[in-house]
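Protein sequences appear in the order of chains A and B.
Just so we're aligned, residue 388 is where the first sequence starts under the numbering used here, counting upward by one.
Just so we're aligned, residue 16 is where the second sequence starts under the numbering used here, counting upward by one.
All C-beta atoms in this analysis are idealised placements derived from N, C-alpha and C, irrespective of residue type, glycine included.
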Amino acid sequence: MTREELRVTREELRKELTEALAPVLDAEASTWLAGARERVGGDAGAAAVLLPAVGRRCGRGPLPVRGTLRRGRPASWTVDDAARVVLLLELPCTGEALTARLDDLYRHGDAHERRAVLRSLDALGAEVGGAALPLLHDALRTNDTRLVAAAVGPYGAARLPAPAWRQAVLKCVFTGVPLSVVAGLDDRADAELTRMMTDYARERTAAGRDVPADVARFLEVR
Amino acid sequence: MRIFDPHIHMTSRTTDDYERMYQAGVRALVEPAFWLGQPRTSVGSFVDYFDGLVGWEPFRAAQFGIRHHCTMALNPKEANDPRCRPVLDLLPRYLEKDGVVAVGEVGYDSMTPEEDEVFARQLALAAEHDLPVLVHTPHRDKAAGTRRSLDVVRESGLPPERVVIDHLNEVTVGPVADSGCWMGFSIYPDTKMDEDRMVAILREYGTERMLVNSAADWGRSDPLKTRRTGEAMLAAGFTDDDVDQVLWRNPVEFYGQSGRLVLDVPADAGTLFEGNSVLRGTPA
Ligand SMILES: [Zn+2]
Chain A
388 MTREELRVTR EELRKELTEA LAPVLDAEAS TWLAGARERV GGDAGAAAVL
438 LPAVGRRCGR GPLPVRGTLR RGRPASWTVD DAARVVLLLE LPCTGEALTA
488 RLDDLYRHGD AHERRAVLRS LDALGAEVGG AALPLLHDAL RTNDTRLVAA
538 AVGPYGAARL PAPAWRQAVL KCVFTGVPLS VVAGLDDRAD AELTRMMTDY
588 ARERTAAGRD VPADVARFLE VR
Chain B
16 MRIFDPHIHM TSRTTDDYER MYQAGVRALV EPAFWLGQPR TSVGSFVDYF
66 DGLVGWEPFR AAQFGIRHHC TMALNPKEAN DPRCRPVLDL LPRYLEKDGV
116 VAVGEVGYDS MTPEEDEVFA RQLALAAEHD LPVLVHTPHR DKAAGTRRSL
166 DVVRESGLPP ERVVIDHLNE VTVGPVADSG CWMGFSIYPD TKMDEDRMVA
216 ILREYGTERM LVNSAADWGR SDPLKTRRTG EAMLAAGFTD DDVDQVLWRN
266 PVEFYGQSGR LVLDVPADAG TLFEGNSVLR GTPA
């Protein structure tokens, strides 16, 4: 999919996630989430207390999703991921105020909250422009695959400068994040990324080690 | 033998330890926030440490099939440094995190007025955030420190069943048993407390409200001391069920009071990028 095709608005993503969550949340969880959405919608500050509670309130199992939510990538949503992102999509601010809020929630968040902030940028990216890029750079400095995978979504595909984006793709290979997770890979891959992958494959072969199937497949079509 | 180590400082251990612990039966643990050997000089050092306890360390543990939780607090040693005191203002936000299952380690190191104040404030935080408490007892002047800790807990109004008093021995276990608080024992490779003495204490005081931990950190310690204690219990005639109570059900019951324990099987390392867990046969 191209970077343009990956684009999704706040309303669209909110609707898709709400529909996916409806059949899996029990009555108590769905009442809690509805209340939490209302609170965040009325007061952005409430997100700081509600976001960390999502896992214990809504559950943490895998979330079955239909075609549109996948956007050409694996169905990698969990219930808590989706519920956190839904809460973030309720934030009653935009532009600089939204950037500052997301920054605060990321900086003070645990790994799950940070992942949700990164994933919310799929939709909120259009409202903050490039201002959330420092969060992606932070995530890509970790070796935590939950964060690395979330950083190579549509926002990263659209906004990361080419050198950082190529390094991010290579980092996926090194940390075991499947390349199918990288949004807009075919659209954005360039000669330099192909060179980096080729060198990597050569290094592996010289060391008598297998070239990961993901890398072999990537090089095959280029 | 399934094992839950209720007190171990994994930040200072290697991945080899995680592998050996998994082989020995460890499937869950709690890492209390404590001192790191080198005194910290700024709040920023604590932020990075706390972030690790709810970020990188649980990720590392999950790669080895172990569920990692933590406790958070300003420890008594560093409570004495005014540069570290603002850590208390950071705690409310961390105490809401999913992986945080208690306030700790709090308590006494040198029994200073600063330690008194920080201890009491953090007991109040535990009440506000509805969390149990892990109390460290001092290495020096332990008996007096334990009695004073029990007094402070009593004055706080916290229910004793939500408090564990840790690092106990033959001399300090009695008053804690009478108080209704949980009793914690750290089993070390040296003489502080060993597995055979632990077995003798279990014979005398029973297996209820008992928590056995390795307290392994950067000092001389052994992350498999929980397993060794289980083996010593069996050799002394305790049943498999007794061992399961002490090494699994007791810590689950104590920390379960937080409502935040996650005891399903972590996702395979290869699928961790998808989020946090793969539930196998357990309801969300
Ligand atoms: Zn400790």
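Check	Outcome
Cα separation between B/Asn85 and B/Asp66?	Residue identity check: residue 85 of chain B is Cys in the sequence provided, not Asn. For B/Cys85 and B/Asp66, the distance between alpha carbons rounds to 11 angstroms.
What did DSSP end up calling B/Phe49 once you bin it into helix, strand or coil?	coil
Per DSSP, what are the beta-bridge partners of B/Ala117 in this structure?	B/Thr86
Tell me whether A/Val393 sits in a helix, a strand or coil according to DSSP, three-state version.	Per the sequence presented here, residue 393 of chain A reads as Leu, with Val not at that position. Correct three-state label for A/Leu393: coil.
On the DSSP letters alone, give me the boundaries of the alpha helix (DSSP H) that B/Ile216 sits inside.	210-220
By DSSP, does B/Trp263 sit in helix, in strand, or in coil?	helix
Distance, Cα to Cα, B/Arg82 vs B/Arg242?	17 angstroms
Cβ atoms of A/Leu505 and A/Gly540: under 8 angstroms apart, would you say?	yes
Cβ of B/Phe49 within 7 angstroms of any heavy atom in ligand 1?	yes
Let me make sure I understand the geometry here. Which of B/Leu140, B/Arg235, B/Asp96, B/Lys112 has the alpha-carbon closest to that of B/Ile23?	B/Arg235
Using DSSP with H/G/I as helix, E/B as strand and the rest coil, what is A/Val472?	helix
Take the Cβ of B/Val121 as the centre, count every other Cβ of all protein chains shown within 10 Å, and call the residue buried at 16 or more, exposed below.	buried
Can you say whether A/Ala549 is buried or exposed, counting buried as having 16 or more other CB atoms within 10 angstroms of its CB?	exposed
Please confirm if the region 529-543 of chain A is in contact with the region 411-426 of chain A, defined as three or more CB-CB distances below 8 angstroms between the two stretches.	no
Nearest-angstrom Cα distance between A/Glu607 and A/Arg575?	16 angstroms
In the region 407-490 of chain A, which residue ranges form an unbroken alpha helix (DSSP H) of at least 4 residues, counting only runs that do not cross its ends?	414-429, 434-437, 441-445, 454-457, 466-476
Using alpha carbons as the reference points, say which of B/Gln78, B/Asp124, B/Val133 lies closest to B/Pro97.	B/Val133
Assuming B/Leu226 and B/Pro91 are in contact, meaning their beta carbons sit under 8 angstroms apart, how far apart are those beta carbons, in whole angstroms?	Actually they do not touch by this definition, with Cβ atoms about 19 angstroms apart.
What residues of chain A sit near B/Val69, judged by a beta carbon separation below 8 angstroms?	Asp497, Ala498
Using 8 angstroms for Cβ pairs, my map puts A/Leu400 next to A/Leu476. What's the rounded Cβ distance?	6 angstroms
So with Cβ pairs under 8 angstroms, would you call B/Arg275 a contact of chain A?	yes
Can you round the beta-carbon distance between A/Val535 and A/Thr562 to whole angstroms, since I take them to be within the 8 angstroms contact cut?	6 angstroms
Just to check, is the beta-carbon of B/Glu120 closer than 7 angstroms to a non-hydrogen atom of ligand 1?	yes
Along the chain, where does the alpha helix (DSSP H) that runs through B/Met36 open and close?	30-39
Measuring alpha carbon to alpha carbon, tell me which of A/Arg533, A/Thr405, A/Arg488, A/Ala519 ends up nearest A/Val564.	A/Arg533
Give the secondary structure of A/Arg604 by DSSP, where H, G and I count as helix, E and B as strand, and everything else as coil.	helix
Residues of the region 400-425 of chain A with a CB closer than 7 angstroms to any CB of chain B: list them in chain order, please.	none
Can you have a look at B/Asn228 and say buried or exposed, based on whether 16 or more other CB atoms are within 10 angstroms of its CB?	buried
Taking A/Trp552 as part of the beta strand (DSSP E), name the residues at either end of that continuous run.	Where A/Trp552 is concerned, there is no enclosing beta strand (DSSP E), although the alpha helix (DSSP H) it sits in stretches over 549-562.
For ligand 1, I want to know if B/Ala230 counts as a neighbour, meaning its beta carbon is within less than 7 angstroms of at least one of the ligand's heavy atoms.	yes
Tell me, please, whether the CB atom of B/Leu146 is closer than 8 angstroms to any CB atom in chain E?	The chain labelled as chain E is not found among the protein chains of the depicted structure, namely A and B.
Helix, strand or coil: which one does DSSP assign to B/Trp233?	coil
Rounded C-beta distance between A/Leu450 and A/Val466? I'm assuming under 8 angstroms.	5 angstroms
Are B/Ala158 and B/Val186 touching if we call contact CB-CB under 8 angstroms?	yes
Report yes or no: do the region 28-47 of chain B and the region 587-605 of chain A share at least 3 C-beta pairs separated by less than 8 angstroms?	no
Using the C-alpha atoms, what's the distance from A/Thr418 back to A/Ala440?	14 angstroms
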